[in-house]
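Here the sequence shown is numbered in this note's numbering, starting from 73 and rising by one per residue.
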Amino acid sequence: MSAALSSALWYLGRGTGVGALLLLTLSVCLGILTKSGRRLPGMSRFALTDLHRTASLTGSGLLVVHIVSLFFDPYSQLRLLDFLIPFQGSYRPIFLGLGTLALDLLVLVVGTSLLRHRLGPRVFRAVHWFTYALWPLALLHGLGIGTDAASTWFTALAAGCAGLVAMLGAWRLMPAFAQRGRSRIPREVSTR
């Protein structure tokens with residue numbers, strides 16, 4: 073493989089990893105907002121749901137490109153086994169394993185989301201809770217194995233993503249979360 077192609081694969085892997093982190097962070101945040109029943113200014117709840125789905129699927133697509141480009145990059149020396157079984161990698165096995173666990177959970181969440189109409193809302197919601205484990209695993213993977221993890225810009229980006237998810241996650245756990253934003257007009261009961 074030429075040095076130029078190897079370099080291109082390396083930069084593609086790095087860039088798509090950062091892009092996937094950003095989009096999956098956006099997806100987690102939009103998922104919490106969607107669950108709250110609140111609207112963003114100028115956006116209906118249906119549009120918010122579509123934006124959440126689009127961010128999730130686009131982030132998942134970037135993750136696929138991230139994995140494939142690093143698999144074919146001779147510098148990273150990843151094996152197929154590294155993507156399937158956690159903590160088996162030769163380079164930073166803990167952090168690579170966290171990425172593998174995050175990938176496994178993402179496949180489960182996306183799979184149940186795509187099959188939601190067949191599985192039903194209970195299964196969908198139960199599996200969707202894994203997102204709260206998937207996201208920090210992916211963040212720790214990037215911080216522990218990413219080439220740019222020590223750079224100021226990536227540290228700031230990761231801290232911003234973590235702060236936003238932590239803030240919205242804490243709000244999600246508050247008892248008042250479910251009561252606010254769901255103003256529904258009650259149906260009139262017929263007295264006939």
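Each residue gets a CB set at the ideal place from its N, CA and C atoms; glycine is no exception.
> In whole angstroms, what separates the C-alpha of His189 from that of Phe196?
Replying inline: The alpha-carbon atoms of His189 and Phe196 are separated by roughly 9 Å.
>> Here's a check: name, in chain order, each residue in its chain whose Cβ is nearer than 7 Å to the Cβ of Leu180, leaving out the five neighbours to either side.
In response: Only residues of its own chain outside the window of five on either side were considered, and among them Val199 and Phe202 have a CB closer than 7 Å to the CB of Leu180, listed in chain order.
>> On the CB-based measure, 16 or more other CB atoms within 10 Å of its CB, does Leu156 come out buried or exposed?
In response: Exposed.
>> Only counting the same chain, and skipping five residues up and downstream in sequence, which positions put a Cβ closer than 7 Å to that of Arg256?
In response: Unreliable positioning characterises Arg256 in this predicted model, as indicated by a pLDDT of 44, which lies under 50. A coordinate reading is not provided.
> Can the beta-carbon of Ile104 be found less than 9 Å from the beta-carbon of Leu211?
Replying inline: No.
> Per DSSP, what kind of secondary structure is Thr126 in: helix, strand or coil?
Replying inline: Helix at Thr126.
>> At the level of alpha carbons, what is the spacing between Thr88 and Leu112?
In response: Computed Cα separation, rounded: 28 Å.
> Taking the alpha-carbon positions, what's the Leu84 to Pro247 distance?
Replying inline: Whole-angstrom Cα-Cα distance: 43 Å.
> Which residues in the same chain have their Cβ closer than 7 Å to the Cβ of Phe159, if we skip the five residues on either side of it in sequence?
Replying inline: By the criterion of a C-beta distance shorter than 7 Å, Phe159 is surrounded in its chain by Pro165, Ile166 and Gly169, once the five residues flanking it on both sides are discounted.
>> Please list the terminal residues of the continuous alpha helix (DSSP H) segment that includes Ser108.
In response: Under the DSSP assignment, Ser108 falls in the alpha helix (DSSP H) whose first and last residues are Ala75 to Ser108.
>> With H, G and I counted as helix, E and B as strand and the rest as coil, what does DSSP make of Phe159?
In response: Coil, per DSSP.
> Of the choices Gln149, Asp220, Thr97 and Leu215, whose alpha-carbon is the least far from that of Trp207?
Replying inline: For the residues Gln149, Asp220, Thr97 and Leu215, the minimum Cα distance to Trp207 belongs to Thr97.
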